[in-house]
Amino acid sequence: MGNQVTPLPELIAEPTNARSMSFMGTHEYLAPEIIKGEGHGSAVDWWTFGIFLYELLFGKTPFKGSENRATLFNVVGQPLRFPDSSVMNVQVEELTIENCKSLNSTFRGKLPQSLKKLNIYNCEKLQCLLDNNEDTCSSSSSKFIILPEENAVNSYTSHLEDLYIKRCPALTCLLSTDLLSITLTRLQISYCSKFTTLSSTGQLPMLLKHLDIQSCSELTALLPKGQLPETLETISIYSCEKLEWIVEKFHNNKALCEIHIWACDNLKSFPEGLHTLSGLRSIEINCNDFACFPKGGFPNSNFTLVIEGCEKLEALPNEINTLSSLKIYNCPNMSLSEEGLFTKLESLSIKSVKQYKALIQLGLHNFTSLAYFHISGNLDRESLQEEEVKITLPRSLTVLWIEELTKLKYLPLKGLEDLPSLESLWISDCAELISLPSLPSSLLELEIRKCPLLKELTPLSSLPSSLLKLEISDCPSLKKTCKRDKGKEWSKIADIPSVYIDCKFIYDSQEESEA
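515 is the number that UniProt numbering gives the last residue of the sequence shown; the numbers go up by one with no jumps.
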């Protein structure tokens, strides 16, 4: 019949627990269960694949005997051994060890000299990466990975540069001696729940540049004693709940340019010597119990400071006139004092009414270098009332972003229209805003988002002729008044080259026909 459906071919898949007694292959590639006649499944293919890899690396198979019978005996009864790295016939630059649930150790002298990057992932029995204890090395129950000792007899110099360790829940420490390659420049450890210390000796590789620790819940300090390498450039620590200190003191760490610490709620301060970090470019701190910066304040360098979620922090050091960028979010007890004037500050972002009121008292117009200013409401939606004193903006401002001032009907700004350098104005999430002030003649870009009551762009008859871009999103009242050829505000925006309303280009012919 014409509508008869052709039946699908029958597909039969072998169950994962299916066993077979038949086989075909060369003796030295056979898995032990094949030789023993125990029956086997598809998993034996992985054994063969491993033999192939071994042969590619070392130029021979691991169980090859003088005859076939000896080969079969070796497969069944002989443990897998790796030859010294000196017999390797390839230059391995990157090695990944992953999902080796029974991995106990990789003894010294077994990694190739050419190795530059080592990744160790999901090895649940790995307890310590390096150890120089001979008893540990020879023990059949060893649970340690051991890398080459730099000065050992008949050994070689390691050239390892990058080391990444992730999800090794039994790992407790990285170094119990100084065996790690002196060439190591990048170290990352993450999601190792029992990891407690980097080094019991207080020493890290002398050329280390980048250190990244994430989600190691038992880590209390980077180094209980000793010093950070002088070459260290970046420190990043995330979600280490028990971290109490980084290091006792910064010593000759002039290369250190970035310190980022997040969600380490037991950390209360930074090490002494913070002011000596002449190369510092960025500090980011988001730790609930962080309470103070060390004596001496900040270094004499232009850098960015981001402080977020530090509920116990009450003040910044007095020596803050070197800051070029400052962000303060969700720090309800922190205030800005007149003792540390921000004369060099170029960028300022705040998310608290307390800091906003402090800026009114200090006089934001005195921040003569300020080019970027971002003011936002805080998490409990507290915001300024209309009767609060308005703030006077500095004439140096080029970008102004106003966000989440949910109770304001008017922007609390003085002299906005007189700013000679303002190029970008962004206003978003101001639920009760009903009017905008006059805009400066220098304005190039205006973005307005989520201001549902706003109907008018300017009290004047026109917008600045300098305006090149206008974006309006989630503002239903304003969208209506800006409707092409029909809205009250249309004449004010008709000459702007780029206008988008709810992500649609209003000059598009298709949009016009749909309207």
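The beta carbon of each residue, even a glycine, is placed where N, CA and C say it ideally should be.
- The way I'd put it, the region 90-105 doesn't touch the region 69-80; fewer than three beta-carbon pairs between them come closer than 8 Å.
- DSSP places THR26 in no alpha helix (DSSP H); its state is neither H nor E.
- In the assembly as shown, GLY377 is a buried residue. Its beta-carbon has 16 or more other beta-carbons within 10 Å.
- Under the 10 Å beta carbon count, PHE49 is surrounded by fewer than 16 other beta carbons and is classified as exposed.
- DSSP places ILE501 in the uninterrupted beta strand (DSSP E) bounded by 498-501.
- Following the DSSP letters along the chain, one finds PHE303 in no alpha helix (DSSP H) but inside the beta strand (DSSP E) bounded by residues 303-308.
- Beta-bridge annotation (DSSP): LYS504 is paired with ILE501.
- TYR507 and ARG449 have their alpha carbons spaced roughly 20 Å apart.
- For GLU471, the three-state secondary structure derived from DSSP is strand.
- DSSP links GLU445 through a beta bridge to SER424 and LYS469.
- Rounded to the nearest angstrom, the gap between the Cα atoms of LEU228 and GLU308 is 26 Å.
- With respect to the 8 Å criterion, GLU456 and LEU443 are not classified as neighbours on the basis of their beta carbons.
- Annotation: the region 326-376 contains the following complete segments of the beta strand (DSSP E) (minimum length 3 residues), in chain order: 347-351 and 372-376.
- Per DSSP, the beta bridge partners of ASN119 are THR96 and TYR164.
- When beta bridges are read from the DSSP output, ALA221 appears opposite TRP245.
- Residue environment for PHE52: exposed (fewer than 16 other C-beta atoms within 10 angstroms of its C-beta).
- Note that the C-beta distance between LYS479 and ILE501 is below 8 Å.
- Shown here for TRP426: same chain residues with a beta carbon closer than 6 Å to its own, the five before and five after excluded, namely TRP401 and GLU447 in chain order.
- The C-beta distance from LEU171 to CYS192 rounds to 5 Å, short enough to meet the 8 Å contact threshold.
- The beta carbon of GLU471 lies closer than 6 Å to those of GLU447 and TYR500 in the same chain, with the five residues before and after it left out.
- The C-beta distance from LEU95 to LEU72 rounds to 30 Å, too long to meet the 8 Å contact threshold.
- Beta-bridge pairing by DSSP links ASP429 to no other residue.
- In the structure shown, the three-state DSSP call for THR234 is strand.
- From the listed residues LEU397, PRO394, SER473 and ASP418, the smallest Cα separation to ASP429 is found for SER473.
- Within the same chain, Cβ atoms closer than 7 Å to the Cβ of LYS268 are found at ASP289, PHE290 and ALA291, the five residues on either side in sequence being excluded.
- Non-local C-beta neighbours of GLU403 in its own chain, meaning closer than 6 Å and more than five positions away in sequence, comprise SER376, SER428 and ASP429, ordered along the chain.
- Separation of GLU124 and ARG167 (C-alpha to C-alpha, rounded to the nearest whole angstrom) is 7 Å.
- In the three-state reduction of the DSSP assignment, HIS210 falls in the strand class, which pools E and B.
- Straight-line spacing of the CA atoms in SER424 and PRO271 works out to 39 Å.
- Assignment of SER324 by DSSP, reduced to helix, strand and coil, places it in the strand class.
- Going by DSSP, THR197 is part of the beta strand (DSSP E) stretching over 197-199.
- Remark: C-beta atoms of GLN214 and SER199 do not approach each other more closely than 8 Å.
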